[in-house]
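Structure first, then comments.
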Amino acid sequence: MEKDTTQKLVEYFRAQIREDPDVASAVAAIRSLLEFLKRDQSETILGLRENQTKAIQRLEETDSSVAVSSGGELFLRFISLTSLEHPDLSQCKNVMIERGELFLKKISLSRGKVGKLCHTFIKDGAKILTHSSSRVVLKVLENAAADNKRFTVYVTESQPDSAGKLMAQKLHNLNIPVTVVLDAAVGYIMEKVDLVIVGAEGVVESGGVINKIGTYQMAVCSKAHNKPFYVVAESFKFVRLYPLNQQDVPDRFKYKADILKTVKDLNQEHPMIDYTPPSLITLLFTDLGVLTPSAVSDELIKLYL
Amino acid sequence: NITDSDPDGRLTVTDKDVKLQEIALAKNEGKELTKEEKQRLRKEKKQHKKNKKDDKGPPEKEKEKEKASVPAPSKPATQSPAHKAPAPVHASESAAAAEKPAKSKAELRAERRARQDSERTSKQGKKEGGQQSASSKPKATPNELQPVVKRLPEHVQVDDPAALKKLAKKLERQQVPLRSDYGYKVSLFSHLHQYSRKSPPTLQISIPATVIHPSIVRLGLQYSQGIIAGSNARSVALLHTFKQVIQDYSTPPNEELSRDLVNKLSPYISFLSQCRPLSASMGNAIKYIKKEISNIPSQCKEEEAKGKLQACIDSYINEKIILASEAISKYAIEKISDGDVILVYGCSSLVNHILCKAFEKQRKFRVIVVDSRPRLEGREALRRLVKKGIRCTYVLISALSYILPEVSKVFLGAHALLANGYVMSRVGTSQIALVAKAYNVPVLVCCETYKFCERVQTDSFVSNELDDPDDLIVTRNGKSHLENWQTVKSLGLLNLVYDVTPPDFVDLVITDLGMIPCTSVPVVLRVKNVDQ
Numbered sequence: 001m002e003k004d005t006t007q008k009l010v011e012y013f014r015a016q017i018r019e020d021p022d023v024a025s026a027v028a029a030i031r032s033l034l035e036f037l038k039r040d041q042s043e044t045i046l047g048l049r050e051n052q053t054k055a056i057q058r059l060e061e062t063d064s065s066v067a068v069s070s071g072g073e074l075f076l077r078f079i080s081l082t083s084l085e086h087p088d089l090s091q092c093k094n095v096m097i098e099r100g101e102l103f104l105k106k107i108s109l110s111r112g113k114v115g116k117l118c119h120t121f122i123k124d125g126a127k128i129l130t131h132s133s134s135r136v137v138l139k140v141l142e143n144a145a146a147d148n149k150r151f152t153v154y155v156t157e158s159q160p161d162s163a164g165k166l167m168a169q170k171l172h173n174l175n176i177p178v179t180v181v182l183d184a185a186v187g188y189i190m191e192k193v194d195l196v197i198v199g200a201e202g203v204v205e206s207g208g209v210i211n212k213i214g215t216y217q218m219a220v221c222s223k224a225h226n227k228p229f230y231v232v233a234e235s236f237k238f239v240r241l242y243p244l245n246q247q248d249v250p251d252r253f254k255y256k257a258d259i260l261k262t263v264k265d266l267n268q269e270h271p272m273i274d275y276t277p278p279s280l281i282t283l284l285f286t287d288l289g290v291l292t293p294s295a296v297s298d299e300l301i302k303l304y305l
Numbered sequence: 001n002i003t004d005s006d007p008d009g010r011l012t013v014t015d016k017d018v019k020l021q022e023i024a025l026a027k028n029e030g031k032e033l034t035k036e037e038k039q040r041l042r043k044e045k046k047q048h049k050k051n052k053k054d055d056k057g058p059p060e061k062e063k064e065k066e067k068a069s070v071p072a073p074s075k076p077a078t079q080s081p082a083h084k085a086p087a088p089v090h091a092s093e094s095a096a097a098a099e100k101p102a103k104s105k106a107e108l109r110a111e112r113r114a115r116q117d118s119e120r121t122s123k124q125g126k127k128e129g130g131q132q133s134a135s136s137k138p139k140a141t142p143n144e145l146q147p148v149v150k151r152l153p154e155h156v157q158v159d160d161p162a163a164l165k166k167l168a169k170k171l172e173r174q175q176v177p178l179r180s181d182y183g184y185k186v187s188l189f190s191h192l193h194q195y196s197r198k199s200p201p202t203l204q205i206s207i208p209a210t211v212i213h214p215s216i217v218r219l220g221l222q223y224s225q226g227i228i229a230g231s232n233a234r235s236v237a238l239l240h241t242f243k244q245v246i247q248d249y250s251t252p253p254n255e256e257l258s259r260d261l262v263n264k265l266s267p268y269i270s271f272l273s274q275c276r277p278l279s280a281s282m283g284n285a286i287k288y289i290k291k292e293i294s295n296i297p298s299q300c301k302e303e304e305a306k307g308k309l310q311a312c313i314d315s316y317i318n319e320k321i322i323l324a325s326e327a328i329s330k331y332a333i334e335k336i337s338d339g340d341v342i343l344v345y346g347c348s349s350l351v352n353h354i355l356c357k358a359f360e361k362q363r364k365f366r367v368i369v370v371d372s373r374p375r376l377e378g379r380e381a382l383r384r385l386v387k388k389g390i391r392c393t394y395v396l397i398s399a400l401s402y403i404l405p406e407v408s409k410v411f412l413g414a415h416a417l418l419a420n421g422y423v424m425s426r427v428g429t430s431q432i433a434l435v436a437k438a439y440n441v442p443v444l445v446c447c448e449t450y451k452f453c454e455r456v457q458t459d460s461f462v463s464n465e466l467d468d469p470d471d472l473i474v475t476r477n478g479k480s481h482l483e484n485w486q487t488v489k490s491l492g493l494l495n496l497v498y499d500v501t502p503p504d505f506v507d508l509v510i511t512d513l514g515m516i517p518c519t520s521v522p523v524v525l526r527v528k529n530v531d532q
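Chains as they are written, first to last, in UniProt numbering: chain Y, 1 to 305; chain E, 1 to 532.
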């Protein structure tokens, strides 16, 4: 019975992503969680919360990105951070569902907010370097292009999945001049560019970011060349992790979910993400505003405490 | 006799003499002055001052005012705009004082009050912050969010004779002995006290001491001799002693417990700070106790109130120290992985507790204990860890860059965490953080939230503690070098106790509220204030 419902949940989640490839995986996850909550048959609030937690875990197993985990936790916090003093369970459930819908509406708008904030930092004639394929960065560049700004973009190929080529195609469709560079050419190209903008899979408590492998390298190079390194991320990507170095990032985020299940020796596998410490980041653009890395902890405390 | 004074409070000569003699007698016997006697003394001194002022006139006041404003530039820059406010207030006060002999006291008081009121309204108009009057208390209420002028604490104004005089007067009034400084002080630190362990302040107290509670005397002696050392140990000992004091306290007639007990505690605190300057954790604990005492409702019976206070103190120790260390260990153990080589410095009760707990949870790690002279506290940490069965290495701080390539993490304890994110800890800590940063080794500071303080400091000079310089004398092979260091005029021995580590060297702070970056300390302070 349990397996059935969680199976349906996973299917719903996958369907969401298939229908709308542009949606953030966290938003799809939260939509599925909301559906799950609506269909949940538990008799107590504790039961509801437990089922939600289990559902989040199940979704994490499907899609091991940091955003799903952080989005799920924030969703749970948001819906339960209200007075659930009603004597009737269905009333409480309605309150929770209402708040869930509110949360979902807020975060669907967050990408637009980030785009609006960031595009003013792109000046006319700018040369931008970005890494791999990020929908938020795409939105930012879209807004800047719509503002009649002229700029060129360099995208790294981002192996092993060549996501950079996808990004280049999308930018080409927006009539933005774009060049694809090798991952190894980041140091070479750094002197030509004016600023670096990357997305994030997760923003951690220290103000650092977790993103596709190769981001840390880019950040170190940009620091050495004194180029500003900007990160764009929605607020539901804020996660309660505090890695001290690359090793400290939990394995469940580093590797894809199916690899974690099948492979015995993870040392032979290539990690998909890396951690960029806050000292290398100039500014973070979020729907909560433009933040310095040290302000992220402040916002996290407000969100979680 | 006392009610016999004439309207302007001037006593006749004979009465004055008799009263003074009585008071001198009482003092010599070590008896606590009654309230009336204290009031009499105060009036006497005011009279004396007034007469002196009439002789010397306004120019002296101006000089005193200048001396008082000289320490102002040495204060942190953020407070200087607010601090300029007291200077004009002082000037108006002195103008008022010059007119005193012409009018009666009551009229003068009314005039002064009116002037202060007008100043207050004009200042509020200028939005200068919460300045109330020239005689405002240095400690602001914790609920005030406006910036309040904070005076420099007296223990960093040792080279200012006016501040010293003020302190001496205050101690005399409280009947607490004044401890004198010892030896030549290095010029950069001449604004701090430097005491010798061989002359504790308890020598000057008569036995039995009736002004200062005996357990406070014992505590003071333990502090000054270094028997109780370490931030947590000192705070816990202080709180336990206060429990004893409250137990033995009895409200005098016509007094309220909530007000009188706080007044009784002030001389004790002055005495303890003479024995050894108060730590930030002790300061916070004292603030808490004073708040709890003044919140006791007046209709509460004495036994009930005492019981309540004792329960408050117990719960403070339990929550802020014991349970906090449990919470911190829980978070810290997540950061310790198998195969780690952990470096610790000196003896921090919290760090030792974390390592012991991690070892119990079957984590495989080894520890490198770094130690430094003259305290050699690392030996105590080594003893505790080895007793548990943890594999340890012991080095002196001079070998730090030699062993750092082996280290995977550094765990440091803290004495206090300042509001700008700087970590105040045992001298040598900032050195370790600096070298660890150069080797890219993560530095983790473990600190309970009750050690967070509102102070801001960017260097280790402004506010520090100087320990006994004779500790640096070492006897090896029967020869003690530096034994006669006082005879060499150009030689100064410096035994610093604390230093300040900037937040760029610290990667993570583990508190009972969770893991936060060093720059988020003011956020925690703000959250705590909102809670209160």
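Even glycine gets a Cβ: it sits at the ideal position worked out from N, Cα and C.
Since the model is a prediction, treat every value here as computed from it, not as a measurement.
Would you verify that the beta carbon of residue i is, or is not, closer than 7 Å to some beta carbon of chain Y?
i      : result
I516/E : yes
T519/E : yes
A96/E  : Interpretation of A96/E is limited by its pLDDT of 41, a score under 50 that renders its predicted location unreliable; the figure taken from the coordinates is listed afterwards. With 7 Å as the cut-off, A96/E does not count as an interface residue toward chain Y.
A87/E  : Because the pLDDT of A87/E is 40, which lies under 50, any placement of that residue in the model is unreliable, and the number read from its coordinates should be weighed accordingly. So, not an interface residue.
V443/E : no
V523/E : yes
D512/E : no
I2/E   : Because I2/E sits at a pLDDT of 44, beneath the cut-off of 50, its placement in the model cannot be relied upon, and the point is left open.
D507/E : yes
Going by C-alpha distance, which of the options is nearest residue i?
i      : options                   : result
L48/Y  : L284/Y, E299/Y and S80/Y  : S80/Y
K301/E : E255/E, K291/E and V462/E : E255/E
L244/Y : G207/Y, K106/Y and I45/Y  : G207/Y
Please state whether the Cβ-Cβ distance between residue i and residue j is less than 7 Å.
i      : j      : result
E234/Y : S110/Y : yes
R276/E : Y223/E : yes
Q246/Y : Y275/Y : yes
S372/E : G230/E : no
A145/Y : I176/Y : yes
K127/Y : T156/Y : no
V156/E : S480/E : no
Should residue i be labelled buried (16 or more other beta-carbon atoms within 10 Å of its own) or exposed?
i      : result
Y230/Y : buried
K185/E : buried
Q175/E : buried
K388/E : exposed
Q274/E : buried
L396/E : exposed
A185/Y : exposed
I197/Y : buried
P101/E : Low confidence applies to P101/E: its pLDDT is 47, below 50, so where it sits in the model is not reliable, and the reading given next is rough at best. P101/E should be labelled exposed.
T262/Y : exposed
K409/E : buried
Hey, does residue i have any beta-carbon neighbour from chain E nearer than 7 Å?
i      : result
L244/Y : yes
D274/Y : no
S297/Y : yes
S294/Y : yes
I301/Y : yes
A219/Y : no
S206/Y : yes
By how many angstroms is the C-alpha of residue j removed from the C-alpha of residue i?
i      : j      : result
L466/E : I269/E : 19 Å
V521/E : F452/E : 8 Å
I342/E : K364/E : 11 Å
K223/Y : K291/E : 49 Å
C446/E : Y242/Y : 15 Å
I317/E : V407/E : 34 Å
Could you list which residues in chain A have their beta carbon closer than 9 Å to that of residue i, in chain order?
i      : result
V407/E : The chain inventory of the structure shown lacks chain A, comprising the protein chains Y and E.
With a threshold of 6 Å, establish whether the CB of residue i neighbours any heavy atom of the ligand COA.
i      : result
K451/E : Among the components of this structure there are no ligands whatsoever, and the ligand COA is therefore not found.
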